[in-house]
DNA sequence: TCATTTCTGTTGTTTTAACAACATTTTAAA
DNA sequence: TTTAAAATGTTGTTAAAACAACAGAAATGA
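Residue numbers (our numbering), protein chains in the order written: chain V, 1 to 227; chain U, 1001 to 1227.
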């Protein structure tokens, strides 16, 4: 276990917890390691989850199969990242995705119920653990909610303005940098890249926005007849 | 406070907790009530949230203003429902939406930190409280993730098949009922209702699905060239 | 039962997006 | 600095969605 402390220290779950305390917590959480060969299933769709997983070495893929057996990759899980935590919180509902080893990898499983109950003994950092765990889930929630707001718009123009407006408000300025290149932004908003570039150009021609590379400026008067 | 016990008992936060225990918990959580007149702000965008709110009477609206001041309603909050809980978990980030009284209403605020720390004294149900709180957040997470998977598809057809496939898998059968009427389904997937109806008809004509009212059946061989 | 309203499906038109192909700019590398 | 590769913007064509208008079916309730 010792060899993975650097990874654990950087994980969101153990952030702000000292190595010594991590050691004692791992016991308190009945942490156990398991190795998986590439392409092995770590979690199967339909399972009921009672343990939280964390990748400590290698990478895993979260995949989903639809009714017709078509697979799609939901996300990649890197070392230090939790997975299945949502389903661990709602263990009465079977998980609807599978987790597969993308390379040979080592997974740490933590007893979810022990995360929730503050143990009586030494483990004074347990409250911190609960906070971290909650922050991880709430953080994902935030990200999803925000993305949903943009994606629920019908046209590329509206999606873009929704996204840019949110970025502007976040940075508290009408000029701001975005963390995506065009292709990434298109993927994020689920639209075609060239169509997105085209729309950006139109918005600029109409003097609703200005941009140069990844730096954008929103014009105060806003889109025509917008309010 | 006593008068609201029926509402609290049915809320997700206190589900499975007896009235007596709710009473003692409310103390332990420093619950305080506050009344708001219609159109009053309960939470303002930009606030840092340290309390979780619950509507106990009346209704509230969660709204958002973009860069140009355009308001949109994110959701309606009914009695027994928590709000702002995500931001309470991540209190370092200011909330990006406002909560406004939609009618005269009464709000209960709970000290978020006390939800997380198990109090030493009588409150044996505190672990249950943490579980319920976590379930509420994780549950929303689940709903968002699922919706996102459908919405990220580009065509109405793909969105529909993604949604129907998920419903089918959930019910463990190729025949199942959906909880939406056509307009609601269109809103859920952010598409036009008539376009959705049209696509459903095409899918039926192509023998990929069958439907009658809200009962759908997926055909085993699936869409042409799908796999 | 009949009248009214709501819901659903259908069609045609207009708008928008996807897609493909290519030009230009920027970045990285040799 | 030159060359190659990657990223971005531009354009035209095709496919799909939005929108609007309406017809028929189903639900409601008087």
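The C-beta atom is built at its ideal place from N, Cα and C for all residues, glycine as well.
- For the options V/35, V/138, V/25, the alpha carbon positioned closest to that of residue 1087 of chain U is the one of V/138.
- In the structure shown, the three-state DSSP call for residue 1112 of chain U is helix.
- With at least 16 other beta carbons inside 10 angstroms of its own, residue 25 of chain V counts as buried.
- Across the structure, residue 1019 of chain U and residue 1012 of chain U are spaced so that their CA atoms are roughly 14 Å apart.
- Using a CB distance cut-off of 7 Å, residue 60 of chain V does not count as an interface residue toward chain U.
- Proximity of residue 111 of chain V to chain U, defined by a Cβ-Cβ separation below 7 Å, is not satisfied.
- Per the coordinates, the alpha-carbon of residue 151 of chain V lies some 42 Å from the alpha-carbon of residue 1023 of chain U.
- Residue contact with chain U for residue 141 of chain V: present (Cβ-Cβ distance below 7 Å to some residue of chain U).
- The three-state reading of DSSP puts residue 106 of chain V in strand, counting E and B together.
- For residue 1220 of chain U, no alpha helix (DSSP H) run applies, since DSSP gives it neither H nor E.
- Taking a cut-off of 8 Å for Cβ pairs, the region 88-95 of chain V and the region 29-41 of chain V do not touch, as fewer than three such pairs fall below it.
- Around the beta carbon of residue 1183 of chain U, a 10 Å sphere encloses fewer than 16 other beta carbons of the protein chains shown; the residue is thus reported as exposed.
- Contact with chain V is absent for residue 1125 of chain U, since none of that chain's Cβ atoms lies less than 7 Å from the residue's Cβ.
- Beyond the five residues adjoining it in sequence on each side, residue 1038 of chain U comes within less than 6 Å, by CB distance, of 1101, 1103, 1104 in the same chain, given in chain order.
- For residue 1081 of chain U, the secondary structure class from DSSP, reduced to helix, strand or coil, is coil.
- Counted as a single uninterrupted DSSP element, the beta strand (DSSP E) harbouring residue 100 of chain V occupies residues 98-101.
- Residue 1001 of chain U carries a coil assignment under DSSP once its states are collapsed to helix, strand and coil.
- Taking C-beta atoms under 8 Å as the contact rule, residue 55 of chain V and residue 107 of chain V qualify, at a distance of about 6 Å.
- In this structure, residue 1200 of chain U lies away from residue 1186 of chain U, with their beta-carbon atoms at least 7 Å apart.
- Here residue 1177 of chain U has 1214, 1215 as same chain residues with Cβ atoms under 7 Å from its own Cβ, once five neighbours each way along the sequence are excluded.
- Residues of the same chain with a CB within less than 7 Å of the CB of residue 1030 of chain U, apart from the 5 flanking positions on each side, are 1111, 1114 in chain order.
- Closer than 7 Å to the CB of residue 1028 of chain U there is not a single CB belonging to chain V.
- Residue 45 of chain V places its beta carbon 7 Å or farther from that of residue 1 of chain V.
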